[in-house]
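Visitor: Here's a structure for you.
Numbering (the UniProt record's numbering), first residue to last: 1 to 567.
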């Protein structure tokens, strides 16, 4: 064999090995876990962050209230008798009473455009921005990147282009300059969970490097209440009694939730704080079943099993399911029987499948319901607790609970980290369209959970760490008033969190927050406390600078003369 033949043979072997490695890499990416690195939300009861969301769950707070009074709904909309034409048999729901509030200038939107823009799009902009900041990502740094947007949205009450569902994702991509897929999903109540599933698929396929996924619901008109009152499917007091004996109909709610997703390998490489991992998901349809809008048990069984197969797990590997649980007499028993058929059998006696639903706290947030379940599970990981489900005095008598070991979360349950076992949860959403989704989430791997630091002192610093004398905290905003408000919130946060490291706070304020034009610097003592605070000033880009090299061709007053002639 000549040297040329040997070289050709070596090249062919190398090419074959490279092709094999590419196939292996593609196979690994097709099933790679997806990290959740940030969350943001708005839900009823003044919930404006994952922290306040958890506070609602942990304290068992019910945030359902009366109809809003600022949406132009008829004064006589409520009629307690179901089925009356044009009337609602309830006057309660989980509402975002501040849905009309919006800082249009912050996003560069004119007041006129903001007025004709669907409030769902406006809220989505705010929640997505907050989710990115909580992920430690400066939202303005993503312009021009392959970041995807996947939004569940089902209400289209605003006429014209300002209310087009496609713009829910498109406007977010436009404002932040995101160049990955921008997809709006409408599968009714399963929209946000389907959006998360699609985002995971896009990340694995390499269509985007980072993804914002979730959903939003604001009911600008009361038509949904009127329609379900006609069907006699509304809960009279607006509460969802999920899987309970007292279930008497659905209670509608509103909200918005966004999760920031990234392939786990990328999140590791970038040093992200991982809140949890999507290890499997599936979506299917009821097909030609027992009715176009009726829930279908066999289809739910299939989608759960498909999600488990996608994750490479068995039913006993899942500890809890955040159920759809709308509180209807028909839907809840069908869902519970499907869970019993898949998760309820073959379990250890001391490891039942726990079942709950956040809808019992705030109503059914529809296109924002599935993502609420995801955020609930992520917070349960963090706090090592499964919160209770409200309004359940006894399990539904229409379910054969003896068919498997599935138990309702009528009381709070501990969910501690265990050596040798990964905590996992399933989250279900089923759309009235017949589109079903199930997502399996597990706790973050130990190697990407924030490492424990040395025990802090009373001032929030490790005992052996060198503490700077002063630390600058840079606060930014679009206006002087915004800076002052932000500074006030930061001061309040510092009072509530006295153990926080002032160095870490200072670093985060400049590394993971947009550096907006108006800024103020709070000089914080190394031991904590804002010692000195500057007034907000506008940071302007530098103008033209003249450099005179001093080689003898200048004269006294030359610079002043040039400036006067060419200001």
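Just so it is clear, CB atoms sit at the ideal spot from N, CA and C, and this is done for glycine as well.
(1) Buried or exposed for residue 116, please, with buried defined as at least 16 other CB atoms from any protein chain shown within 10 angstroms of its CB.
(2) Less than 8 angstroms separating the beta-carbons of residue 137 and residue 38?
(3) Nearest to residue 238 by CA position, among 130, 490, 361, is which residue?
(4) Return the Cβ separation of residue 96 and residue 44 in integer angstroms, given the expectation that the two are a contact with Cβ distance under 8 angstroms.
(5) Apart from the five residues just before and just after residue 84, which ones in its own chain have a Cβ nearer than 8 angstroms to its Cβ?
(6) Straight-line CA distance for residue 245 to residue 327?
(7) What number of angstroms, rounded off, separates the C-alpha of residue 292 from the C-alpha of residue 522?
(8) Could you compute how far the alpha carbon of residue 254 sits from the alpha carbon of residue 52?
(9) Spell out a yes or no on whether the stretch 370 to 384 and the stretch 297 to 308 are touching, meaning 3 or more CB-CB pairs, one atom from each, closer than 8 angstroms.
(10) Quick check: the Cα distance between residue 337 and residue 324, rounded to an integer number of angstroms?
(11) Thinking C-alpha only, which one of 274, 397, 114 is nearest residue 102?
(12) Whole angstroms is fine: what's the gap from residue 262's alpha carbon to residue 201's?
(13) Where does residue 64 fall in DSSP's three states?
(14) Suppose contacts are defined by Cβ-Cβ distances below 8 angstroms. Is residue 407 in contact with residue 352 by that definition?
(15) Thinking C-alpha only, which one of 278, 424, 485, 396 is nearest residue 386?
(16) State the Cα-Cα distance for the pair residue 18 and residue 119, rounded to the nearest angstrom.
(17) Do you know offhand how far residue 59's Cα is from residue 16's?
(18) What are the residues that DSSP puts in a beta bridge with residue 413?
(19) Find out if the Cβ-Cβ distance for the pair residue 478, residue 105 is shorter than 8 angstroms.
(20) At what residue ranges does the stretch 257 to 344 contain a whole run of the alpha helix (DSSP H), taking only runs of 4 or more?
(21) Locate the beta strand (DSSP E) running through residue 207, then write down its first and last residues.
(22) Do the CB positions of residue 87 and residue 226 come within less than 8 angstroms of each other?
(23) For residue 395, name the three-state secondary structure that DSSP assigns.
(24) Specify the secondary structure class of residue 451 as computed by DSSP and reduced to three states.
(25) Rounded to whole angstroms, what's the CA-CA distance from residue 569 to residue 367? Just pull it up for me.
(26) So, helix, strand or coil for residue 357, using DSSP?
(27) Kindly indicate which residue of 149, 186, 242, 415 has the alpha-carbon position closest to the one of residue 155.
Guide: A quick look at the data gives this:
(1) Along the chain shown, one-based indexing puts residue 116 at 116. Exposed is the call here.
(2) Start at 1 with the first residue of the chain shown, and residue 137 comes out as number 137. Start at 1 with the first residue of the chain shown, and residue 38 comes out as number 38. Yes, Cβ-Cβ distance for residue 137 and residue 38 is below 8 angstroms.
(3) Here the question's residue 238 lines up with position 238 in the chain shown. Checked all of 130, 490, 361; the closest Cα to residue 238 is 361.
(4) By 1-based counting over the chain shown, the position of residue 96 is 96. By 1-based counting over the chain shown, the position of residue 44 is 44. Indeed, because the Cβ distance is near 6 angstroms, the residues count as touching under 8 angstroms.
(5) Taking the chain shown and counting its residues from 1, one reaches residue 84 at position 84. Once the five neighbours on either side are set aside, the close Cβ partners of residue 84 are 229.
(6) Translated into the one-based positions of the chain shown, residue 245 becomes position 245. Translated into the one-based positions of the chain shown, residue 327 becomes position 327. If I take the Cα positions, the gap works out to 9 angstroms.
(7) In the chain shown, counting from the first residue as 1, residue 292 sits at position 292. In the chain shown, counting from the first residue as 1, residue 522 sits at position 522. Going by the C-alpha atoms only, they are around 60 angstroms apart.
(8) Along the chain shown, one-based indexing puts residue 254 at 254. Along the chain shown, one-based indexing puts residue 52 at 52. Between residue 254 and residue 52, the C-alpha separation is close to 16 angstroms.
(9) no
(10) In the chain shown, residue 337 corresponds to position 337, counting from 1. In the chain shown, residue 324 corresponds to position 324, counting from 1. If you take the alpha carbons of residue 337 and residue 324, they lie about 13 angstroms apart.
(11) The residue you call residue 102 lines up with position 102 of the chain shown. Here the closest residue by C-alpha is 114.
(12) Locating residue 262 in the chain shown gives position 262, where the first residue counts as 1. Locating residue 201 in the chain shown gives position 201, where the first residue counts as 1. Their Cα atoms are separated by approximately 11 angstroms.
(13) Working through the chain shown from its first residue, we reach residue 64 at position 64. Residue 64 falls in the coil class under three-state DSSP.
(14) For the purposes of this step, residue 407 is taken as residue 407 along the chain shown, with counting starting at 1. For the purposes of this step, residue 352 is taken as residue 352 along the chain shown, with counting starting at 1. Yes; because the gap between Cβ atoms is below 8 angstroms, this pair is in contact.
(15) As a working mapping, residue 386 is identified with position 386 in the chain shown. The shortest Cα separation from residue 386 among 278, 424, 485, 396 belongs to 424.
(16) For the purposes of this step, residue 18 is taken as the residue at position 18 of the chain shown. For the purposes of this step, residue 119 is taken as the residue at position 119 of the chain shown. Roughly 51 angstroms separates the two Cα atoms.
(17) As a working mapping, residue 59 is identified with position 59 in the chain shown. As a working mapping, residue 16 is identified with position 16 in the chain shown. Using only the alpha carbons, I get a separation of about 60 angstroms.
(18) Taking the first residue of the chain shown as 1, we reach residue 413 at position 413. Answer is 386.
(19) As a working mapping, residue 478 is identified with position 478 in the chain shown. As a working mapping, residue 105 is identified with position 105 in the chain shown. Closer than 8 angstroms, so yes.
(20) 264 to 269, 297 to 311, 331 to 342
(21) In the chain shown, the residue the question calls residue 207 occupies position 207. Premise fails: residue 207 is in no beta strand (DSSP E) and is neither H nor E.
(22) If you number the chain shown from 1, residue 87 lands on position 87. If you number the chain shown from 1, residue 226 lands on position 226. For residue 87 and residue 226, yes; Cβs fall inside 8 angstroms.
(23) To locate residue 395, count along the chain shown from 1; it is residue 395. Looking at residue 395 - three-state DSSP - the assignment turns out to be strand.
(24) Counting from 1 along the chain shown, the entry for residue 451 is found at position 451. Note on residue 451: pLDDT 40, under 50, position unreliable in the model; the coordinate value appears next. Looking at residue 451 - three-state DSSP - the assignment turns out to be coil, as it is neither helix nor strand.
(25) An answer regarding residue 569 cannot be provided, because it is not within the stretch 1 to 567 covered by the chain.
(26) Taking the first residue of the chain shown as position 1, residue 357 is located at position 357. DSSP places residue 357 in coil when its eight states are reduced to three.
(27) Residue numbering aside, residue 155 sits at position 155 when the chain shown is read from its first letter. Checked all of 149, 186, 242, 415; the closest Cα to residue 155 is 186.
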